[in-house]
Amino acid sequence: MKFRHSILTISLTILALGILQGQNRLVSEAIQAFSEGDYQKAYEYSGDALVNIDDLSGDYVAAAWYYLAKSRIQLLRLAMEAGDQEKLLKMQHALIESYIDYKEALKTADYQLQQDIEYDLAGLYNPILQTGLSALNTGNDPQQPENVRQAALKAAKGYLEAAKDISPTYLAADLLGQVQLELGDTSAAHRLFDESIRSYKAKPPAEGDFLIAYAVFRKALIESYHEKNNPKAISTLLDGENLLKKEYSRLSAAGTLKPEQLRAYEKGLRDLIRFELELYIEEDALADDALVRFREVMLLYPDDYDIHIAYANLMEKSDPRSAIEEYMTAISIDESREIAYYNLGALYNNLGSDNYLAGLNADDEQMADSLFNKANKDFRDAYRYMEAAYRLNPYSLETIRALVQLARSLGLDEQAEMYKEKELELRGF
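Position in the sequence shown (first residue = 1) + 28 = my numbering.
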């Protein structure tokens, strides 16, 4: 870490003040050693001085904490440059320890030293943030043992709290929110995601960062699944979509929008819209609004498989025939995905059940026969689409169980037994 000459000049004036005694002398020796580039001695003298902190007077308390932090950072830098793995292992907590020491120094520092400390802390922001992010990634790694994951998340929390304290940026708040979410504190996570979004709006980064979409996504996720408030979540998502569009316009107008940013914008916006549409489907009270919104979105993304699937889901209750058309459109867009086939099979099965029950309750024999024939055709269509889903994913227990039921309904005993055997194989019996 770089240090300014003005800091050294100011610090050396302390050394020149009168005859120094006891603990104060240790601080002065630490300052002298640091000025001569002997960071190990500076570190040792500062630490020794703080052993009996009550014996330090005036500015020496803040100076001792300050040079303890400053010399530790220099020792870390030298160990990294030398590739000294043994020393780096011993200093694995050097960044957070120095942050804590700088904060102690701030408690009694004069104005000039405060400025110097804040300068040094600003230099710690990125390495502390990156260390916290690395720990968060370990905490999110399902391949790691649970005790390792939990320890990593706790470490990430400490580092990211420090980073956010140094500079409360949208990124620090978002990452800390992710940690809190993983630790199960959804209230704290929600506050942090909200703070991240507000920080971004107040001071958008010059180059833009469309990953802010996922702070919005996570905030809405909490509102929907933990607060059980889909209208609030939808409002959050719409606000996020508008933020992304505003950023897209700003960067486009400035001529600074890069190809990778355009891809991030398109993906982030589409993910927010998809989540929004899912929530509309879940909220019966917003059915009319949902239809309007779906039609708007489908004009924007006419070839989006997932949006056609979502619209078909919405239409299943009110207009199943239109839902069938939407599923068929999805299949025409991408024949390699199973969900449209599976949903079509399930929808035809439901239609068949409805027609069969209506036939049982019909007073007219001719009407009953007609309904039974419709039911039989629906069940056959259901079986056909479920088989298509099975061919694409032969490991889905839901699909196999549906095929067992449908085969039995249609009197296809051999096929029913075949799929039953496949179900038992998958279940390990």
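All C-beta atoms, glycine included, are put in the ideal place defined by N, C-alpha and C.
Query                                                                                                                        : Result
Buried or exposed (CB count within 10 angstroms, at least 16 for buried), ASN401                                             : exposed
Neighbourhood of ALA97 by C-beta, 6 Å cutoff - its chain only, sequence neighbours within 5 removed                          : SER126, ASP129, TYR130
Nearest-angstrom Cβ-Cβ length linking ALA396 and ALA390, presumed shorter than 8 Å                                           : 4 Å
Cα-Cα separation between ALA77 and MET119, rounded to whole angstroms                                                        : 20 Å
Option nearest LEU307 by Cα separation, candidates ARG291, SER252, LEU327, ILE352                                            : SER252
Length of the line joining the Cα atoms of GLU132 and LEU271                                                                 : 39 Å
Straight-line gap, PHE303 to GLU453 (C-alpha atoms, nearest Å)                                                               : 35 Å
Start-to-end residues for the alpha helix (DSSP H) that takes in GLU415                                                      : 393-420
Buried or exposed (CB count within 10 angstroms, at least 16 for buried), GLY380                                             : buried
Chain-order list of residues whose beta-carbon lies under 6 Å from that of LEU116 (same chain, five-residue window excluded) : ALA107
For GLY65, three-class secondary structure by DSSP                                                                           : coil
Residue span of the alpha helix (DSSP H) that contains GLN140, given as start and end                                        : 139-167
Residues near TYR228 in its chain [Cβ-Cβ closer than 6 Å; skip 5 each side]                                                  : TYR198, ILE240
Segment contact, 8 Å Cβ cut-off, at least three pairs: the segment 149-166 with the segment 183-195                          : yes
Cα-Cα separation, ARG298 to GLN142                                                                                           : 46 Å
Neighbourhood of TYR384 by C-beta, 6 Å cutoff - its chain only, sequence neighbours within 5 removed                         : ALA403
Continuous alpha helix (DSSP H) stretch holding PRO287: start and end                                                        : 287-310
Closest residue to LEU425 among SER437, ASP409, GLU449 (Cα-Cα distance)                                                      : GLU449
Limits of the alpha helix (DSSP H) - the one that LYS270 falls within                                                        : The sequence as given places Asn at residue 270; Lys does not occur at that position. 258-282 is the span of the alpha helix (DSSP H), which, as asked, contains ASN270.
Proximal residues to ILE477 (C-beta, below 6 Å), its chain only, five neighbours per side dropped                            : Nothing in the structure corresponds to residue 477, since the chain is present only between 29 and 457.
Identity of the residue in VAL55, LEU265, ALA234 nearest ILE225 by Cα                                                        : LEU265
Pair within 7 Å by beta-carbon distance, GLY268 and LEU300                                                                   : yes
Expected contact under 8 Å - CB spacing of ALA92 and SER63 to nearest Å                                                      : With 8 Å as the limit, ALA92 and SER63 do not qualify as a contact, their Cβ atoms being about 15 Å apart.
Three-state class that DSSP yields for ASN80 in the structure shown                                                          : coil
Same chain only: Cβ atoms within 6 Å of ASN80, ignoring 5 sequence neighbours per side                                       : GLN51
Distance between beta carbons of SER195 and TYR153, contact taken as under 8 Å                                               : 5 Å
CA-to-CA distance, GLY86 to ILE26, given in whole angstroms                                                                  : One cannot answer for residue 26 here, as it falls past the ends of the chain, which runs 29 to 457.
Between the CA atoms of LEU103 and ALA110 - distance to the nearest angstrom                                                 : 11 Å
Three-way DSSP call (helix, strand, coil) for PRO348 in this model                                                           : helix
Coarse secondary structure for MET343, derived from DSSP in three states                                                     : helix
Where the alpha helix (DSSP H) through SER437 begins and ends                                                                : 425-437
Beta-carbon separation (whole angstroms), ALA243 vs ASP202, contact threshold 8 Å                                            : 4 Å
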